[in-house]
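Data first, discussion second: the structure below is written as structure tokens.
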Amino acid sequence: MLTSGLSQQFTGGRSEIEVRAATVRQLLGELDDLYPGLGSELGTDTAIAIDGEIFQDPYLEAIGADSEIYFLPRIGGG
Amino acid sequence: MTTNGNGSTQGNGLKWVGKRTIRPDGVDKVTGRAQFGADFTLPGMIVGQVLRSPHAHANIRSIKTDKAEALPGVKAVVTSADFPELPSTFEAAGEVMLNFRDMSCNVLARKKVLYHGHAVAAVAATSVAVADQALALIEVDYEILPHVIDVIEAMAPDAPLLHDDMFTIGVEPTPDKPSNIAKRVEYGLGDIEAGFKAADVVVEREFTTKAVHQGYIEPHAAVATASEDGQCHIWCSTQGQFVVRAYVSKLLGLEISQLRVTPSEIGGGFGGKTVVYLEPLALALSLKCHRPVKMVMSREEVFQASGPTSGAHVWVKVGATKDGRITAAEAVLKYQAGAVQGSPIMPGCMCAFAPYDLENVKVVGFDVVSNRPKVAAYRAPGAPISEFGVECVIDEVANKIGMDAIAFREKNAAREGTHAAYGPRFGPVGYTETLRVAKEHPHYHAPLGPNQGRGVASGFWFNIGGDSSAALHINEDGTATVISGCPDIGGSRASLVIMAAEILGIDVDRVRPIIADTSSIGYSFLTGGSRVTFATGMAVIQAAEDVVRQLRERAAMIWEIDVEAVVWENGEARPSGSNAGEFDPLSLGDIAAKAGKTGGPINGHASLNAQGAGPAFGTHICDVEVDKETGRVTVLRYTAVQDAGKAIHPSYVEGQIQGGAVQGIGWALNEEYIYDEKGRLENAGFLDYRIPVASDMPMIDAVIVEVPNPKHPFGVRGVGEVPLCPPMAAVANAVAAATGLRMADLPISPPKLLEAIDNGL
Amino acid sequence: MVKTHVTMTVNGEAAELLCDTRATLLDVLRDELDLTGSKEGCSSGDCGACSVMLDDRLVCSCLVLGAEAEGCAIETIEGMADDDRLHPLQQTFLEEAALQCGICTPGFLVAAKALLDRHPDPTETEVRYWLAGNLCRCTGYDKIVRAVMLTAADMRGEPR
Amino acid sequence: MRYQAPGTIDEAVAVLAAANGGAQVLAGGTDLLVQLRAGMIGPEVIVDIKRIPELRAIAVENDGFRIGAAVAGAEMGEHAALKASWPGVVEAMELIGSTQIQGRATPGGNLCNASPAADCVPAMLAASAMCTIAGPTGRRDLSVGDVATGPGQTALGKGEFVVDFRLPERPPRSGDAYLRFIPRTEMDIAVVGAGVNVTLDNDGVCTAARVVLGAVAPRILLVPEAAAALVGARLDDDALGRLDAACRAACRPIDDKRGTIVYRTKVSGVLACRAAAIAFERARTS
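Taken in sequence, the protein lines are chains B, V, A and P.
Reminder that position 39 of the first sequence reads as 20 in our numbering, one-by-one numbering, no gaps.
Reminder that position 651 of the second sequence reads as 712 in our numbering, one-by-one numbering, no gaps.
Reminder that position 137 of the third sequence reads as 146 in our numbering, one-by-one numbering, no gaps.
Reminder that position 84 of the fourth sequence reads as 104 in our numbering, one-by-one numbering, no gaps.
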């Protein structure tokens, strides 16, 4: 499970973290426990790619046992 | 123009999807009847004008408005003192997070003017002449400060500082000195050092691009009215009535329910009408005088004070093996944000290498403020800039290893399952199909004459989904009305009614669309990011399916059979089979006529947050001829291939591709913001900000490839953004082929190219 | 404010008004006569969105004073369709999707009609140069030029 | 601001005199209205000269042409005889702006706007055009080259205005041409302009020439050295080389948003040579 860009300042540069969670909401909670502030940071303005599919407003989306998750900035557009 | 169907299963058996129908709003727009922003009037309406900064950077010691207020005919004057001071925090507004202190400061300068043309005060008066006199009576005491325009100069430690509270985000530890660098971002995979070691050929180059304006022909315009009980209404030209409502209510401290926003027809936006400029000013003025206030920007104001996209400095390094495999790719991007933070640096970084399957990649980006207007979105915000540099270097690498430019791209192309440079794996994508179609296109094999050259470049954009609402009303006679909340900027009404007619199985002419104001339809995010046909289309489809379900229920009631025994086909309810019973089919009209007797009106609704937007790729081919005595570049032939997923209305898909390509050619050859030594914009008009004219261009062959997006019922991806990504590199690569010169600084204007030719650069 | 008395014919109808001497013909059409089909894109003659016919000459109405129109015959986009029948150019623009946002469309139609009234058989290059004073940012001009060429052929009675 | 549209030259002179300095002459208005809108000018009275019949006429006169100062560019382009005799002058006028601008823009306005980049003036000067100026003290003649004295400055006195242009009779075996460079194909202000007018003998040797450059100095530039490079020569590489060098040497351009000193200097020679080639060809076939 990878995070990149800004959130690295919370994990001290670590970009790959294993977490047990069944939904995005649980995942963010777990991350906050590991790295205080990270979960809420990611919860506010971040999109999540779960196994390649990007969710702009993730919250209750289900996460599989070995799902690959990426945190991305939300995309706007012209 | 041809359509390369690509085994799109969704393409089969469709009655309306893919047809070139007449757009529902067309007649109004060819007769002059359509009402755009500046065409709207209200009884008792007065006009507002804006006082703008003559300086690039200055402290505002004081603003005296008493003389202006005393002028007969002046009804209201506003300055930043009339706007609540907002904290510098990112807050949700509709779908996006924004720093409202920055937005407020851009709408009206507070304490400081940050660019030439920055709004300082606004006046409402009984006529433009009186308003202009009043502006002249406003006394602003400026303390002029040193300014900085260029992005590299703005990053220098001793550069004039725009914001003394700006400490670069994204570097550890956070700097203790403020700077003009708002943010540093980084993306990467693998080990680039090892990757470059494994390369046989490495190409490294610096590029610069200039700030360019979206160049919509309709200037910003708004009419606002506020009643004595605080109820407010804005009519304006915008890409999103709901974001105008969110922004203006936040900027003026209103409750959202107090404000209703009605979008006019919109005369172009390309991302530039996703923010607010006049709307909050007009409403603030109306809140003071309770008269409807109309404000329209002049073309000069549009250039001075509305958002161009970033100018940038781009460094790209790519390494590859002799047999054409990219081993490492690296880029550093420095984007101008304008006067306040918020350049499209993140998408710029994410898109830079997105078309390629790379094991080792690193992109670092900087968001940099300088004394220019705040940038606004412009088609695929940020992507065309980084992709220009990357696609030029890709071309050079291919040349160095003696490989065909398309073959080299094919060998490294992102496919389904490829890890995008920004992380996640791609689902089904059509990049390789666009390359194949480009390679097989006659254009790619046509002979070239002396001083002529051919260039190829590709482009990528994510496309987005997001919040959309739609309603579908069945009228008593069986006709239908589709109601959506997204302004129609380039034919989306046509695609929405096509999708509704397809699901209902009725004639497309029996479905009429309207675009509702913020009080008449559920929240819908703006028209942008190539999302309307995808996301709002999804909402329309779901609303239509909701209606079909109700129609089957009504038919079941009329026939007194189980609803499961009723099917909906070609606009009629039929018994599912002989055992369901023998009934004559009921048309939509038959059922609509009995609606009152079977439970009341039949209406469908859908509100959703569309996920699963399909990433899209395009590949362009450009032929140019260079006049080596004058440095003029003439575009002789242009072909643009793009994966649309599914073209609901092919003509408007082609139109998006052709328009984007020509905007990109303008960006490549002539368009730029020119500043004098005092930091004043020198070319704030269509005379010297040179957008392409009809006689500059050849026909643009738009070729649609269809690799369906599995997440959309018809396979739609979205088309509006991608076409602006490839052209700058396609033109630069063609110029390189014609002259042997690598022009790395845009625009490739005649003086620049002639100098390079004469110095054999 | 000094006003000038002006009488003119607009789309065949007599119009009489007092206009501010600084007001352009475009201001008069839009603000006094409520003919908002002619658009203001630049007010400097660079975009052509305000194109009208003045005594059978194609002009930018933003570069003509209202007062100058005294005694003149003006034709605007509002006068292009004949009762409920669209002009062939209007019809072809719809069929060929030669408009996207639509803000430049009235100017293009007025300018294209002026071309076809003079030159029924223009080359693509002639069409592109004749229309060079009409800016369009949406279409890249392709479908507009095609629509004008196609209409010219139709009006010459050539089979498509 | 008042608007007046006199019907005769004398009326116009009277109106202008009465306004003593506060008046602005309006011909096509394609520059004037932009300046008015931008607040660059604020006249008390606008004097529209388009209602004066003589100023709207093109007449053949002692085998030359008399062109009213308020004739529109499109009208010059539609005048077959004028276009046949002075194609360079007509094409220069027709280069100004769009079809829409051509419906209004006039040679009088182009001259009196006194822009160093005016398109029709170099061609007119190459053609040795004279203009008639009317004023309180009567009429006088002035070469088109002497009307503009600097950017935005003219030699016209209070109450004076340009009435018409006079093009001489077209001599046999002579031809003219005008070329300009702009970044786009239309709608821009000239970065460099070059007008050439030549007369040849039966062997195709140049016996007389005038070469004029635009947008490379504060005023439109008549370049006798460039003309000398052509006189006595056929259109060969030597002559073109001398023409090119003479033009570059004569340039005194500036760097601005439309072009650089280096660029304007180089391109002045390029355009002069290309215009000369067209003028020679026209002279040969005339």
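All C-beta atoms, glycine included, are put in the ideal place defined by N, C-alpha and C.
Give the interface partners of residue 138 of chain A over in chain P, defined as CB-CB distance under 7 Å, in chain order.
Locating residue 138 of chain A in the third sequence gives position 129, counting from the first residue. Neighbours of residue 138 of chain A on chain P, chain order: 206.
Could you confirm whether any beta carbon from chain A is found closer than 8 Å to the beta carbon of residue 97 of chain V?
Here the question's residue 97 of chain V lines up with position 36 in the second sequence. Chain A, which has a Cβ nearer than 8 Å to the Cβ of residue 97 of chain V, makes this yes.
Within the same chain, show all residues whose beta-carbon is closer than 6 Å to that of residue 647 of chain V, passing over the 5 residues directly before and after it, in chain order.
Along the second sequence, read from residue 1 onward, the residue named residue 647 of chain V stands at position 586. The answer, listed in chain order, is 616 and 634.
Taking residue 163 of chain V and residue 401 of chain V to be in contact with their CB atoms under 8 Å, please state how far apart those CB atoms are, rounded to whole angstroms.
Looking up residue 163 of chain V in the second sequence gives position 102. Looking up residue 401 of chain V in the second sequence gives position 340. At roughly 4 Å, the Cβ-Cβ gap stays under 8 Å, so residue 163 of chain V and residue 401 of chain V are in contact.
When the distance is taken between beta carbons, is residue 129 of chain P closer than 8 Å to residue 72 of chain A?
Position 63 of the third sequence, counted from the first residue, corresponds to residue 72 of chain A. Position 109 of the fourth sequence, counted from the first residue, corresponds to residue 129 of chain P. Cβ distance not < 8 Å, so residue 72 of chain A and residue 129 of chain P don't count as in contact.
Closer than 7 Å by beta-carbon distance: list the chain V residues that pair up with residue 54 of chain B, in chain order.
As a working mapping, residue 54 of chain B is identified with position 73 in the first sequence. Those are 407, listed as they occur along chain V.
So, under 8 Å CB-CB, residue 746 of chain V and residue 361 of chain V are touching, yes? Tell me the CB distance rounded to an integer number of Å.
The residue given as residue 746 of chain V occupies position 685 in the second sequence. The residue given as residue 361 of chain V occupies position 300 in the second sequence. Right, the Cβ-Cβ distance comes to about 6 Å (below 8 Å), so this counts as a contact.
Anything in chain A within Cβ reach of residue 698 of chain V, meaning under 7 Å, just list it in chain order.
Within the second sequence, the letter at position 637 stands for residue 698 of chain V. Within chain A, no residue comes near residue 698 of chain V; the closest Cβ sits about 12 Å away, beyond 7 Å.
Whose CA, out of P:184, P:260 and P:211, lies closest to the CA of residue 280 of chain P?
By one-based count along the fourth sequence, residue 280 of chain P stands at place 260. With distances taken between Cα atoms, residue 280 of chain P lies closest to P:211.
Min CB distance residue 670 of chain V to chain B below 8 Å:
Reading the second sequence from its first residue, position 609 is the one you call residue 670 of chain V. Residue-level contact check: residue 670 of chain V touches chain B, since one or more beta carbons of chain B fall below 8 Å from its beta carbon.
Measuring straight from C-alpha to C-alpha, what distance separates residue 503 of chain V and residue 73 of chain P?
Mapped onto the second sequence, residue 503 of chain V falls at position 442. Mapped onto the fourth sequence, residue 73 of chain P falls at position 53. In a straight line, the C-alpha of residue 503 of chain V is about 58 Å away from that of residue 73 of chain P.
Which residues, taken in chain order from the region 21 to 37 of chain B, show a beta carbon closer than 8 Å to some beta carbon of chain V?
25, 26, 30, 32, 33, 34, 35, 36 and 37
Through-space distance from residue 200 of chain V to residue 332 of chain V, alpha-carbon basis
Taking the first residue of the second sequence as 1, we reach residue 332 of chain V at position 271. Taking the first residue of the second sequence as 1, we reach residue 200 of chain V at position 139. Taking the Cα positions, residue 332 of chain V is about 35 Å away from residue 200 of chain V.
Give me, in chain order, the residues of the same chain whose beta-carbon lies closer than 8 Å to that of residue 149 of chain V; leave out the 5 immediate sequence neighbours on both sides.
Translated into the one-based positions of the second sequence, residue 149 of chain V becomes position 88. Shown here for residue 149 of chain V: same chain residues with a beta carbon closer than 8 Å to its own, the five before and five after excluded, namely 160, 162, 163 and 226 in chain order.
Alpha carbon to alpha carbon, what distance is there between residue 21 of chain B and residue -2 of chain B?
Counting from 1 along the first sequence, the entry for residue -2 of chain B is found at position 17. Counting from 1 along the first sequence, the entry for residue 21 of chain B is found at position 40. Here the alpha carbons of residue 21 of chain B and residue -2 of chain B stand approximately 17 Å from one another.
Residue 175 of chain P: which of P:154, P:194, P:123 and P:230 sits nearest, CA to CA?
In the fourth sequence, residue 175 of chain P corresponds to position 155, counting from 1. Check the Cα spacing between residue 175 of chain P and each of P:154, P:194, P:123 and P:230: the tightest is with P:154.
Tell me the DSSP secondary structure of residue 522 of chain V in three-state form.
The residue labelled residue 522 of chain V in the question sits at position 461 within the second sequence. Reduced to three states, the DSSP call for residue 522 of chain V is strand.
Any contact of the region 220 to 230 of chain P with the region 192 to 201 of chain P, i.e. 3+ C-beta pairs under 8 Å?
yes
Quick check on residue 400 of chain V: does DSSP put it in helix, strand or coil?
Counting from one through the second sequence, the residue named residue 400 of chain V turns up at place 339. DSSP places residue 400 of chain V in coil when its eight states are reduced to three.
What alpha helix (DSSP H) runs, 4 residues minimum, are completely inside the region 202 to 258 of chain P?
You should have 244 to 250.
Over what stretch of residues does the beta strand (DSSP E) that includes residue 244 of chain V continue unbroken?
On the second sequence, position 183 is the one that residue 244 of chain V refers to. Counting along the chain, the beta strand (DSSP E) containing residue 244 of chain V begins and ends at 242 to 250.
Assigned secondary structure, residue 547 of chain V (DSSP; H/G/I helix, E/B strand, else coil):
By one-based count along the second sequence, residue 547 of chain V stands at place 486. Correct three-state label for residue 547 of chain V: coil.
What does residue 751 of chain V touch in chain P if you count any residue whose Cβ is under 7 Å from its own?
Looking up residue 751 of chain V in the second sequence gives position 690. Chain P residues near residue 751 of chain V: 203, 204 and 208.
Run the CB neighbour count on residue 169 of chain A, radius 10 Å, all protein chains shown included, and call it buried at 16 or more, exposed below.
If you number the third sequence from 1, residue 169 of chain A lands on position 160. Residue 169 of chain A should be labelled exposed.
If contacts are defined as beta-carbon pairs under 8 Å, then residue 226 of chain P and residue 261 of chain P qualify, I think. What distance do you get, rounded to the angstrom?
The residue given as residue 226 of chain P occupies position 206 in the fourth sequence. The residue given as residue 261 of chain P occupies position 241 in the fourth sequence. Not a contact, Cβ separation roughly 15 Å.
Interface positions of the region 77 to 92 of chain V facing chain A (Cβ-Cβ less than 9 Å), listed along the chain
81, 83, 84, 86, 87, 88, 89, 90, 91 and 92
At what residue ranges does the region 271 to 301 of chain V contain a whole run of the beta strand (DSSP E), taking only runs of 3 or more?
282 to 287 and 293 to 297
Which residues in chain B sit within 8 Å of residue 441 of chain V, going by Cβ to Cβ distance?
For the purposes of this step, residue 441 of chain V is taken as the residue at position 380 of the second sequence. Residue 441 of chain V reaches chain B at 58 and 59, counting residues in chain order whose Cβ is nearer than 8 Å.
Work out the CA separation of residue 281 of chain V and residue 496 of chain V for me, nearest whole Å.
By 1-based counting over the second sequence, the position of residue 496 of chain V is 435. By 1-based counting over the second sequence, the position of residue 281 of chain V is 220. Approximately 39 Å between the Cα atoms of the pair.
Could you tell me whether any Cβ in chain V is nearer than 8 Å to the Cβ of residue 119 of chain P?
As a working note, residue 119 of chain P is residue 99 in the fourth sequence. With a threshold of 8 Å between beta carbons, residue 119 of chain P makes no contact with chain V.
Those runs of the beta strand (DSSP E) which lie wholly inside the region 461 to 522 of chain V and span at least 3 residues
DSSP runs (the beta strand (DSSP E)) wholly in the region 461 to 522 of chain V: 513 to 522.
For residue 778 of chain V, decide whether its Cβ has a neighbour in chain B, counting only Cβ atoms nearer than 8 Å.
Taking the first residue of the second sequence as 1, we reach residue 778 of chain V at position 717. Residue 778 of chain V does not count as touching chain B.
For residue 436 of chain V, report the span of its beta strand (DSSP E) as first-last.
Here residue 436 of chain V corresponds to residue number 375 of the second sequence, with the count starting at 1. Element bounds for residue 436 of chain V: n/a, residue is neither H nor E.
Would you say residue 289 of chain V lies against chain P (beta-carbon separation less than 8 Å)?
Residue 289 of chain V sits at position 228 when you count from the first residue of the second sequence. No, no contact with chain P.
I need the straight-line Cα distance from residue 64 of chain V to residue 294 of chain V, nearest angstrom please.
Taking the second sequence and counting its residues from 1, the one referred to as residue 64 of chain V is at position 3. Taking the second sequence and counting its residues from 1, the one referred to as residue 294 of chain V is at position 233. For residue 64 of chain V, the predicted structure reports a pLDDT of 36, less than 50, and the residue's modelled location is therefore unreliable. A value from the coordinates is still provided. Approximately 44 Å between the Cα atoms of the pair.
From the beta carbon of residue 22 of chain P, is the nearest beta carbon of chain V less than 8 Å away?
Residue 22 of chain P sits at position 2 when you count from the first residue of the fourth sequence. Taking Cβ atoms only, chain V never reaches closer than 8 Å to residue 22 of chain P, which makes this a no.
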